[in-house]
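Its first residue numbered 14, the sequence shown is counted upward by one per residue in this note's numbering.
Ideal Cβ placement from N, Cα and C applies to all residues, glycine included.
It should be emphasised that the depicted structure is a prediction, and the values quoted were computed from it without experimental measurement.
For reference, the structure discussed in these notes is given below.
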Amino acid sequence: MKLIFLLTLLFYFATARASMAPRMYSIMAQVSGTINQNTDFNQSPIYNNKVSLEALYLVRDGPTFGGRYIIEARSEIESTAGQAYGPMAGYYSERGFFFLFTYDVFAKLGRWTNGEGFEVDLGWIEHIGHQIHVGAKYSYRNMRYKTDISDSTAEKKDIREYFPSFVVNYLF
14 MKLIFLLTLL FYFATARASM APRMYSIMAQ VSGTINQNTD FNQSPIYNNK VSLEALYLVR
74 DGPTFGGRYI IEARSEIEST AGQAYGPMAG YYSERGFFFL FTYDVFAKLG RWTNGEGFEV
134 DLGWIEHIGH QIHVGAKYSY RNMRYKTDIS DSTAEKKDIR EYFPSFVVNY LF
(Lines of atoms letter the chains of each structure in order from A; the text may use other names.)
(Lines give C-alpha, C1' and ligand atoms only; values in the text may rest on other atoms or scores of the structure.)
Protein backbone atom coordinates (compact mmCIF):
# COMPACT_ATOMS: atom_id res chain seq x y z
CA MET A 14 0.00 0.00 0.00
CA LYS A 15 2.92 2.32 0.66
CA LEU A 16 4.03 1.64 -2.90
CA ILE A 17 0.64 2.80 -4.23
CA PHE A 18 0.92 6.02 -2.23
CA LEU A 19 4.44 6.70 -3.50
CA LEU A 20 3.50 5.92 -7.11
CA THR A 21 0.53 8.27 -6.85
CA LEU A 22 2.79 11.06 -5.59
CA LEU A 23 5.27 10.41 -8.40
CA PHE A 24 2.43 10.49 -10.93
CA TYR A 25 1.38 13.88 -9.58
CA PHE A 26 4.81 15.39 -9.97
CA ALA A 27 5.06 13.92 -13.48
CA THR A 28 1.84 15.68 -14.56
CA ALA A 29 2.06 19.45 -14.33
CA ARG A 30 -1.66 19.99 -15.03
CA ALA A 31 -3.03 17.88 -12.18
CA SER A 32 -6.24 19.37 -10.78
CA MET A 33 -9.68 18.69 -9.43
CA ALA A 34 -12.89 18.69 -11.45
CA PRO A 35 -14.08 22.20 -12.40
CA ARG A 36 -16.62 22.70 -9.62
CA MET A 37 -16.25 25.24 -6.86
CA TYR A 38 -18.89 23.87 -4.45
CA SER A 39 -20.10 20.30 -4.37
CA ILE A 40 -21.31 17.38 -2.31
CA MET A 41 -18.61 14.72 -2.43
CA ALA A 42 -18.81 11.00 -1.68
CA GLN A 43 -15.43 9.52 -0.89
CA VAL A 44 -14.42 5.91 -0.29
CA SER A 45 -10.98 4.91 0.95
CA GLY A 46 -9.56 1.54 1.86
CA THR A 47 -6.41 -0.12 3.07
CA ILE A 48 -5.30 -3.74 3.25
CA ASN A 49 -2.33 -4.58 5.44
CA GLN A 50 -1.27 -8.22 5.76
CA ASN A 51 1.96 -9.25 7.49
CA THR A 52 3.34 -11.85 9.86
CA ASP A 53 4.24 -11.32 13.50
CA PHE A 54 7.44 -12.44 15.22
CA ASN A 55 6.08 -16.03 15.47
CA GLN A 56 5.35 -16.05 11.71
CA SER A 57 1.61 -16.03 12.41
CA PRO A 58 -0.46 -14.12 9.86
CA ILE A 59 -1.80 -10.76 11.01
CA TYR A 60 -3.99 -8.29 9.14
CA ASN A 61 -5.47 -4.83 9.53
CA ASN A 62 -8.03 -3.87 6.87
CA LYS A 63 -10.19 -0.73 6.74
CA VAL A 64 -12.88 0.78 4.51
CA SER A 65 -14.01 4.36 5.13
CA LEU A 66 -17.19 5.89 3.66
CA GLU A 67 -17.26 9.69 3.76
CA ALA A 68 -19.81 12.34 2.75
CA LEU A 69 -18.43 15.89 2.52
CA TYR A 70 -19.51 19.37 1.50
CA LEU A 71 -16.58 20.49 -0.64
CA VAL A 72 -15.46 24.07 -1.17
CA ARG A 73 -12.48 23.86 -3.50
CA ASP A 74 -9.56 25.84 -2.07
CA GLY A 75 -11.63 26.34 1.06
CA PRO A 76 -13.03 24.53 4.10
CA THR A 77 -14.64 21.11 3.74
CA PHE A 78 -17.01 19.55 6.29
CA GLY A 79 -18.77 16.22 6.59
CA GLY A 80 -18.92 12.88 8.33
CA ARG A 81 -17.59 9.38 7.95
CA TYR A 82 -18.30 5.77 8.82
CA ILE A 83 -15.35 3.37 9.01
CA ILE A 84 -15.39 -0.43 9.13
CA GLU A 85 -12.28 -2.33 10.15
CA ALA A 86 -11.12 -5.90 10.69
CA ARG A 87 -7.88 -6.78 12.41
CA SER A 88 -6.06 -9.64 14.09
CA GLU A 89 -3.72 -8.96 16.96
CA ILE A 90 -4.18 -11.61 19.63
CA GLU A 91 -7.60 -12.54 18.26
CA SER A 92 -9.60 -11.65 15.16
CA THR A 93 -11.81 -8.62 15.72
CA ALA A 94 -14.09 -6.44 13.65
CA GLY A 95 -15.18 -2.93 14.44
CA GLN A 96 -16.73 0.29 13.32
CA ALA A 97 -16.59 3.99 14.13
CA TYR A 98 -18.23 7.20 12.99
CA GLY A 99 -17.81 10.90 13.50
CA PRO A 100 -17.55 14.39 12.01
CA MET A 101 -14.69 15.53 9.83
CA ALA A 102 -13.29 18.80 8.53
CA GLY A 103 -10.47 19.67 6.20
CA TYR A 104 -9.22 21.39 3.10
CA TYR A 105 -9.00 20.34 -0.59
CA SER A 106 -6.73 22.42 -2.81
CA GLU A 107 -7.42 23.07 -6.48
CA ARG A 108 -4.27 21.09 -7.31
CA GLY A 109 -5.67 17.95 -5.65
CA PHE A 110 -3.84 17.93 -2.32
CA PHE A 111 -6.02 17.53 0.75
CA PHE A 112 -5.93 17.46 4.54
CA LEU A 113 -8.68 15.97 6.71
CA PHE A 114 -9.22 15.74 10.46
CA THR A 115 -11.80 13.27 11.80
CA TYR A 116 -12.97 12.85 15.38
CA ASP A 117 -14.68 9.50 15.90
CA VAL A 118 -17.29 10.07 18.60
CA PHE A 119 -18.21 6.40 18.88
CA ALA A 120 -16.00 3.42 18.11
CA LYS A 121 -16.23 -0.30 18.75
CA LEU A 122 -13.61 -2.99 18.11
CA GLY A 123 -14.44 -6.59 18.97
CA ARG A 124 -15.25 -6.76 22.67
CA TRP A 125 -14.04 -3.17 23.23
CA THR A 126 -16.69 -0.43 23.14
CA ASN A 127 -17.14 3.18 24.23
CA GLY A 128 -14.22 4.27 22.09
CA GLU A 129 -13.28 7.63 20.70
CA GLY A 130 -10.31 9.22 19.02
CA PHE A 131 -9.06 11.10 16.01
CA GLU A 132 -7.54 10.56 12.59
CA VAL A 133 -5.45 12.95 10.49
CA ASP A 134 -5.20 12.36 6.72
CA LEU A 135 -2.84 13.93 4.19
CA GLY A 136 -3.34 12.98 0.57
CA TRP A 137 -3.72 13.79 -3.07
CA ILE A 138 -6.41 13.08 -5.68
CA GLU A 139 -6.41 13.37 -9.46
CA HIS A 140 -9.39 14.13 -11.71
CA ILE A 141 -9.73 11.18 -14.13
CA GLY A 142 -12.98 12.01 -15.88
CA HIS A 143 -16.46 13.43 -15.42
CA GLN A 144 -16.65 14.03 -11.64
CA ILE A 145 -14.49 11.07 -10.56
CA HIS A 146 -11.17 11.39 -8.75
CA VAL A 147 -8.65 8.78 -7.58
CA GLY A 148 -5.65 9.14 -5.33
CA ALA A 149 -3.98 8.13 -2.11
CA LYS A 150 -3.71 9.33 1.45
CA TYR A 151 -1.52 8.64 4.44
CA SER A 152 -3.22 8.59 7.83
CA TYR A 153 -2.41 8.71 11.53
CA ARG A 154 -5.14 7.29 13.78
CA ASN A 155 -5.24 7.45 17.59
CA MET A 156 -8.12 5.60 19.28
CA ARG A 157 -8.95 4.82 22.93
CA TYR A 158 -11.48 2.12 23.83
CA LYS A 159 -12.75 2.46 27.41
CA THR A 160 -14.98 -0.57 28.03
CA ASP A 161 -14.31 -4.29 27.64
CA ILE A 162 -17.73 -6.00 27.59
CA SER A 163 -16.28 -9.37 28.64
CA ASP A 164 -13.96 -8.16 31.45
CA SER A 165 -14.99 -5.29 33.71
CA THR A 166 -11.51 -5.09 35.26
CA ALA A 167 -9.71 -4.61 31.94
CA GLU A 168 -7.72 -1.43 31.40
CA LYS A 169 -8.33 0.90 28.51
CA LYS A 170 -7.12 -0.17 25.07
CA ASP A 171 -5.16 2.38 23.03
CA ILE A 172 -4.39 1.97 19.33
CA ARG A 173 -2.05 4.31 17.48
CA GLU A 174 -1.29 3.55 13.86
CA TYR A 175 -0.06 4.98 10.56
CA PHE A 176 -1.41 3.58 7.29
CA PRO A 177 -1.75 4.44 3.59
CA SER A 178 -5.07 4.18 1.75
CA PHE A 179 -6.34 4.25 -1.82
CA VAL A 180 -9.02 6.94 -2.38
CA VAL A 181 -11.89 7.21 -4.89
CA ASN A 182 -14.39 10.07 -4.80
CA TYR A 183 -17.29 11.42 -6.81
CA LEU A 184 -18.63 14.99 -6.92
CA PHE A 185 -22.41 15.42 -7.09
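Find out if the Cβ-Cβ distance for the pair residue i, residue j is shorter than 8 angstroms.
i: K63; j: G79; result: no
i: G147; j: V180; result: The sequence given here places Val at residue 147; Gly does not occur at that position. Result yes, Cβ atoms of V147 and V180 sit closer than 8 angstroms.
i: I138; j: F112; result: no
i: E91; j: R81; result: no
i: N127; j: T166; result: no
i: P188; j: Y151; result: Outside the displayed span of the chain (14 to 185) sits residue 188, for which this structure offers no information.
i: I59; j: E85; result: no
Excluding five sequence neighbours on each side, which residues of the same chain lie with their C-beta closer than 7 angstroms to the C-beta of residue i?
i: N155; result: G130, F131, R173
i: I162; result: R124, T126
Quick check on DSSP: helix, strand or coil for residue i?
i: N55; result: coil
i: D134; result: strand
i: M37; result: coil
i: G46; result: strand
i: F176; result: strand
i: T126; result: strand
i: F119; result: strand
i: G109; result: coil
i: P140; result: This sequence places His at residue 140; Pro is not what is there. In the structure shown, H140 sits in a strand (DSSP, three-state: E or B).
i: T166; result: coil
i: Y78; result: In the sequence as displayed, the identity of residue 78 is Phe instead of Tyr. Note: F78 maps to strand in three-state DSSP.
With residue i and residue j assumed to form a contact (beta carbons below 8 angstroms), what rounded beta-carbon distance in angstroms separates them?
i: L184; j: M37; result: Not a contact, Cβ separation roughly 11 angstroms.
Between which residues of its own chain and residue i is the CB-CB distance below 6 angstroms, once the five residues before and five after are set aside?
i: D171; result: R157
i: G123; result: T93
i: N61; result: N49, R87
i: Y175; result: Y153
Three-pair Cβ contact test at 8 angstroms for the segment 93-106 versus the segment 68-75: The count of Cβ pairs closer than 8 angstroms, one atom from the segment 93-106 and one from the segment 68-75, reaches three, so the stretches are in contact.
Inter-stretch contact (C-beta, 8 angstroms, three-pair minimum) for the segment 119-126 and the segment 89-99: Result yes; three or more Cβ-Cβ pairs closer than 8 angstroms.
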